[in-house]
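Residue numbers (UniProt numbering), protein chains in the order written: chain W, 1 to 449; chain V, 1 to 449.
There are 2 protein chains.
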Amino acid sequence: MTRELHLNLFINGRGHHEAAWRHDASTYRALTDVSYYRDLALAAEAAKLDSIFFADHVTLGEDIEHATRGELEPLTLLGSLAALTERIGLIATASTTYSEPYNLARQFASLDHLSGGRIGWNIVTSWAPSAAANFGLEQQAGIDQRYARANEFVEVVSKLWDSWARDAILDDRASGSYARSQGIRPAAHSGAFFKVAGALNIPRSPQGRPVFVQAGSSTDGRAFAARYAEAIFTAHLNKESAIAFYNDIKTQGRALGRSPDQIVILPGISAAIGSTEAEAKRVWAELNELSHPSVGLARLSNRFGGYDFSHLKLDQVLSVEDFPDPALVQASRSRAQSITALVARERPTLRGLLHSLAGARGHFTATGTPEQIAGIIADWFTSGASDGFNVMPPILPQQFEIFAGEVVPLLRKRGLFRSEYRDGTLRDRLGLDPVPSQFDPAEPVRRSA
Amino acid sequence: MTRELHLNLFINGRGHHEAAWRHDASTYRALTDVSYYRDLALAAEAAKLDSIFFADHVTLGEDIEHATRGELEPLTLLGSLAALTERIGLIATASTTYSEPYNLARQFASLDHLSGGRIGWNIVTSWAPSAAANFGLEQQAGIDQRYARANEFVEVVSKLWDSWARDAILDDRASGSYARSQGIRPAAHSGAFFKVAGALNIPRSPQGRPVFVQAGSSTDGRAFAARYAEAIFTAHLNKESAIAFYNDIKTQGRALGRSPDQIVILPGISAAIGSTEAEAKRVWAELNELSHPSVGLARLSNRFGGYDFSHLKLDQVLSVEDFPDPALVQASRSRAQSITALVARERPTLRGLLHSLAGARGHFTATGTPEQIAGIIADWFTSGASDGFNVMPPILPQQFEIFAGEVVPLLRKRGLFRSEYRDGTLRDRLGLDPVPSQFDPAEPVRRSA
Ligand SMILES: Cc1cc2nc3c(=O)[nH]c(=O)nc-3n(C[C@H](O)[C@H](O)[C@H](O)COP(=O)(O)O)c2cc1C
Ligand SMILES: Cc1cc2nc3c(=O)[nH]c(=O)nc-3n(C[C@H](O)[C@H](O)[C@H](O)COP(=O)(O)O)c2cc1C
Numbered sequence: 001m002t003r004e005l006h007l008n009l010f011i012n013g014r015g016h017h018e019a020a021w022r023h024d025a026s027t028y029r030a031l032t033d034v035s036y037y038r039d040l041a042l043a044a045e046a047a048k049l050d051s052i053f054f055a056d057h058v059t060l061g062e063d064i065e066h067a068t069r070g071e072l073e074p075l076t077l078l079g080s081l082a083a084l085t086e087r088i089g090l091i092a093t094a095s096t097t098y099s100e101p102y103n104l105a106r107q108f109a110s111l112d113h114l115s116g117g118r119i120g121w122n123i124v125t126s127w128a129p130s131a132a133a134n135f136g137l138e139q140q141a142g143i144d145q146r147y148a149r150a151n152e153f154v155e156v157v158s159k160l161w162d163s164w165a166r167d168a169i170l171d172d173r174a175s176g177s178y179a180r181s182q183g184i185r186p187a188a189h190s191g192a193f194f195k196v197a198g199a200l201n202i203p204r205s206p207q208g209r210p211v212f213v214q215a216g217s218s219t220d221g222r223a224f225a226a227r228y229a230e231a232i233f234t235a236h237l238n239k240e241s242a243i244a245f246y247n248d249i250k251t252q253g254r255a256l257g258r259s260p261d262q263i264v265i266l267p268g269i270s271a272a273i274g275s276t277e278a279e280a281k282r283v284w285a286e287l288n289e290l291s292h293p294s295v296g297l298a299r300l301s302n303r304f305g306g307y308d309f310s311h312l313k314l315d316q317v318l319s320v321e322d323f324p325d326p327a328l329v330q331a332s333r334s335r336a337q338s339i340t341a342l343v344a345r346e347r348p349t350l351r352g353l354l355h356s357l358a359g360a361r362g363h364f365t366a367t368g369t370p371e372q373i374a375g376i377i378a379d380w381f382t383s384g385a386s387d388g389f390n391v392m393p394p395i396l397p398q399q400f401e402i403f404a405g406e407v408v409p410l411l412r413k414r415g416l417f418r419s420e421y422r423d424g425t426l427r428d429r430l431g432l433d434p435v436p437s438q439f440d441p442a443e444p445v446r447r448s449a
Numbered sequence: 001m002t003r004e005l006h007l008n009l010f011i012n013g014r015g016h017h018e019a020a021w022r023h024d025a026s027t028y029r030a031l032t033d034v035s036y037y038r039d040l041a042l043a044a045e046a047a048k049l050d051s052i053f054f055a056d057h058v059t060l061g062e063d064i065e066h067a068t069r070g071e072l073e074p075l076t077l078l079g080s081l082a083a084l085t086e087r088i089g090l091i092a093t094a095s096t097t098y099s100e101p102y103n104l105a106r107q108f109a110s111l112d113h114l115s116g117g118r119i120g121w122n123i124v125t126s127w128a129p130s131a132a133a134n135f136g137l138e139q140q141a142g143i144d145q146r147y148a149r150a151n152e153f154v155e156v157v158s159k160l161w162d163s164w165a166r167d168a169i170l171d172d173r174a175s176g177s178y179a180r181s182q183g184i185r186p187a188a189h190s191g192a193f194f195k196v197a198g199a200l201n202i203p204r205s206p207q208g209r210p211v212f213v214q215a216g217s218s219t220d221g222r223a224f225a226a227r228y229a230e231a232i233f234t235a236h237l238n239k240e241s242a243i244a245f246y247n248d249i250k251t252q253g254r255a256l257g258r259s260p261d262q263i264v265i266l267p268g269i270s271a272a273i274g275s276t277e278a279e280a281k282r283v284w285a286e287l288n289e290l291s292h293p294s295v296g297l298a299r300l301s302n303r304f305g306g307y308d309f310s311h312l313k314l315d316q317v318l319s320v321e322d323f324p325d326p327a328l329v330q331a332s333r334s335r336a337q338s339i340t341a342l343v344a345r346e347r348p349t350l351r352g353l354l355h356s357l358a359g360a361r362g363h364f365t366a367t368g369t370p371e372q373i374a375g376i377i378a379d380w381f382t383s384g385a386s387d388g389f390n391v392m393p394p395i396l397p398q399q400f401e402i403f404a405g406e407v408v409p410l411l412r413k414r415g416l417f418r419s420e421y422r423d424g425t426l427r428d429r430l431g432l433d434p435v436p437s438q439f440d441p442a443e444p445v446r447r448s449a
């Protein structure tokens, strides 16, 4: 079987650069206007991308004065986009730390029905410290606690999604039998974090359950991903780091008895594309010109769990001593680690660091012509750094239009990317095995997750 | 101002009679097929109804062998219907007992944006006893506890919905100011049930918040409705009971300083409509013929909190001694009360009682020609029993098609019902005042709810 490249469009604000909202080429529509998301989803569908994706944070976030905040809620938005699109996969983030399993399991199953099997769940533990206080907690739980809860959360929702047999509903008007009660089994879950007695109140969905996507890269995050994730979004500042991550995850997955092709690894790429390299470079220059240091500084502080960097000067050369030990960070540990590694390696000024993170918040940034970008994608894909990409255009919709219109055709020419959708669910498109059912004759005992 | 009649279509399974799913005239589509709901919503929109409505129970429910269960989840479904319709109001039920305020506030605000201000929230405390065990609870909280939580829940989500000024977003590309931080205030809520620190992470929605709908009729339920509800769904077996309820609620509302026209009371009506009275009667006969006693018995037991009625014979004449004291029922107290009142009054057999509840689970049932049904609606509306109706067709879509095609035009002829939608939100359509904002100059202090 030839490997297939997978491409996901990550829709974020008016683009992934923090100053994109000020750039002339970004949308002028409000971030609460569904027509903006509809048009992006339709453009991604026209380009035959695997899926689109929305992140989520259950808190307002820092520095609303200078950064866009306040977007639509992903699950309700996917409800609309399921109706407005036909083929593209739809992936929403939802938190295991701040949701109830029964409610979330229902909403995802419902979305999978509404979309005809096109839904994925980006499983996160919510890194932002301020979210805790919106849910009655004095302070954020530590990473290990959050992932312990996440593990049990995935177990219990998996039981709920597996509580109906495919053929539980008889719908036999003549005899008056609506369903076989033997085809519906209670979750009967009782664990450290959750007790859920009943069956889900919605029939098994087209995919069995949403595709499991994961996006944390700390040690705990990787262990979780190796166990559950079927697709992984991950942030790397360079190819070497991506290769190391790729090998680590596939090795860990193998050790757990999983086939490596059942974990699709998608690093983020934020590409500024121009018809010449100089034009592409100008995109970053324009964006950096528009960016406000307080936005990057507030995000930096947040990633490190609220650490105060305000005494640093913009033109000061940084060293790792200016940062807290990333191994102790409870907020976004993997991002904290990659930032301090960059500081140790490159010794940037604070302004330089903020600019390099402004592009895509710690993801890989690329700059070039469509040919150059297609070349980078092909290179990472064929040299063991990725199974595809999480496409994070710095400016939306403009930079995605260039990507879809000029980079994607080049990937097709290289035989790497599909020209048409085949029939099937998002799982099928990602090359993932069907989800087993506890009711399948060959599988009499419930498998975990 | 002339009073306007309001009509809401309550979409439930394949119709409101429990055996509708077996009737030839009910839909053959699966209850997870969005096209079924889309077509009903579009039919209701073509008839210019105020709104459509979905109930919700966070548990599978009783007797799946003989009754339809397992529908789509309302909030995600409204996401799709917001995209598939243009004008009609969309009302979803959600529970204050089993949801987190921050999550629910976001999802409703998001839906209000997605629909351009067409959303209502049917606020319930979830009467079904088995729901508790899906959320880690040994047993269901009592009615008073559930309503105490519901009160605080509505207070806190109201603060969240009021956390953004209408003009908080500046979106000024030139100066780089995205929002005014003085236009966004934290909820800063700390109460017996909830602590929610932050502001909502979504801007104020077109209606300010969803229209508050309420559907409980116990003493606690009425007090809650009088304080918060802007529209009320209520179940009455006859007009006298509806008049008493109407007067009680409007009186209680007035005592709280509310204007009676700001509480729109909509009793349920389940009408079997035929071109002759005999044909209409035949609808009920056919449905009762198809109904299964175990369905009604299981529901009866559930309404009374799991009371065992299995020793009763179908042809046995009932007396109130066969029932537990409804005043002590913690599940669906108001429904338990109206059922025992009916037993005391009419002394039906068990079979007779189950048939009369099978029609619409304790709501008013009517039988007749379009003229007769229009007459009943006009009579209740003009004699102080209602401000409109919650339309609960026994068979869907067939009985709604007759209602929309034949009863609605007669209501128009009587000058009671609109022929066209006017511009505006669902609030405007229901004649409700705009939601005040804590940021309005005239209203410097935060008003509760
Ligand atoms: C592409 C991508 C998207 C992400 N989206 C979210 C998100 O929406 N919400 C969230 O809480 N974390 C999200 N994360 C994860 C955090 O950035 C962070 O890595 C993680 O929550 C902390 O766990 P870790 O230390 O295991 O990485 C995302 C990560 C990536 C790579
Ligand atoms: C039309 C209508 C729809 C209702 N829908 C729901 C529902 O979806 N979920 C729910 O838990 N209760 C619902 N209720 C309320 C319950 O039937 C019940 O009355 C209430 O939860 C118990 O409180 P009470 O004793 O105050 O009535 C509905 C009531 C009416 C009249």
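Beta carbons are placed, not taken as given, at the ideal position from N, Cα and C, and that holds for glycine.
Under the three-state reduction of DSSP, N201 of chain V is assigned to coil, being neither helix nor strand. Going by DSSP, Q214 of chain V is part of the beta strand (DSSP E) stretching over 211-214. Cβ contact annotation for H189 of chain W (same chain, cutoff 6 Å, sequence separation greater than five): V156, K159, V196, in chain order. Per DSSP, P267 of chain V is not a residue of any alpha helix (DSSP H); the beta strand (DSSP E) it occupies stretches across 264-273. Setting aside the 5 residues that flank it on each side, T27 of chain W is surrounded in the same chain by R14, Y36, L396, P397, each with a C-beta closer than 7 Å to its C-beta; the list follows chain order.
Closer than 7 Å to some heavy atom of ligand 1: that describes the Cβ of I143 of chain W.
For the stretch 203-237 of chain V, the beta-carbon criterion of a distance under 7 Å to any beta-carbon of chain W is satisfied by P203. CA-CA distance, P434 of chain W to F153 of chain W, rounds to 21 Å.
The Cβ of W284 of chain V sits no closer than 8 Å to any Cβ of chain W.
DSSP links P206 of chain V through a beta bridge to no other residue. Residue range 350-358 is occupied by the alpha helix (DSSP H) that includes H355 of chain V. The alpha-carbon separation between S383 of chain V and L416 of chain V amounts to approximately 14 Å. Secondary structure of P393 of chain W (DSSP, three-state): coil. As the crow flies, the alpha-carbon of A404 of chain V is around 7 Å from that of A44 of chain V. Non-local beta-carbon contacts of L290 of chain W in its own chain, meaning distances under 7 Å to residues more than five positions away in sequence, involve A19, R22, H23 in chain order. Remark: the shortest separation between the CB of V264 of chain W and any heavy atom of ligand 2 does not fall under 7 Å. Here the alpha carbon of P324 of chain W sits roughly 8 Å from the alpha carbon of Y307 of chain W.
Residues of the stretch 184-201 of chain V with a C-beta atom less than 7 Å from some C-beta of chain W are I184, F194, K195, V196, A197, G198, A199, N201, listed in chain order. Counted as a single uninterrupted DSSP element, the beta strand (DSSP E) harbouring V124 of chain V occupies residues 119-124. Beta-carbon to beta-carbon, A168 of chain W and L60 of chain V are separated by about 11 Å, too far to satisfy the 8 Å threshold. In the DSSP annotation of this structure, F439 of chain W is not part of any beta strand (DSSP E), being labelled neither H nor E. Near chain W, meaning a CB-to-CB distance below 8 Å, the residues of the stretch 57-78 of chain V are H57, V58, T59, L60, G61, I64, E65, H66, A67, T68, R69, G70, E71, L72, E73, L75, T76, L77, L78.
Shown here, D220 of chain W sits in a helix according to DSSP, grouped into three states.
DSSP lists V:H6 as the bridge partner or partners of G388 of chain V. Contact check between the stretch 368-381 of chain V and the stretch 216-234 of chain V: fewer than three CB pairs, one atom from each, fall below 8 Å, which does not count as touching. With a beta-carbon spacing of about 6 Å, I143 of chain V and R333 of chain V fall inside the 8 Å limit used to define contacts. Taken through DSSP and simplified to helix, strand or coil, S334 of chain V comes out as helix. By the criterion of a C-beta distance shorter than 7 Å, F212 of chain V is surrounded in its chain by W121, I123, Y228, A229, E230, once the five residues flanking it on both sides are discounted. Relative to ligand 2, the beta carbon of S218 of chain V is positioned inside 7 Å of a heavy atom. Scanning chain V for C-beta atoms nearer than 7 Å to the C-beta of F135 of chain W yields E100, Y102, reported in chain order. In this chain, the beta strand (DSSP E) harbouring F54 of chain V covers 51-54. About 16 Å separates the beta carbons of A225 of chain W and I243 of chain W, which is beyond the 8 Å limit, so they are not a contact pair.
Taking 8 Å as the CB threshold, T32 of chain W lines the interface with chain V.
Across the structure, D162 of chain W and D33 of chain V are spaced so that their CA atoms are roughly 20 Å apart. Of the other Cβ atoms in all chains shown, 16 or more fall within 10 Å of the Cβ of R299 of chain V; this residue is therefore buried.
W127 of chain W has its CB nearer than 7 Å to a heavy atom of ligand 1.
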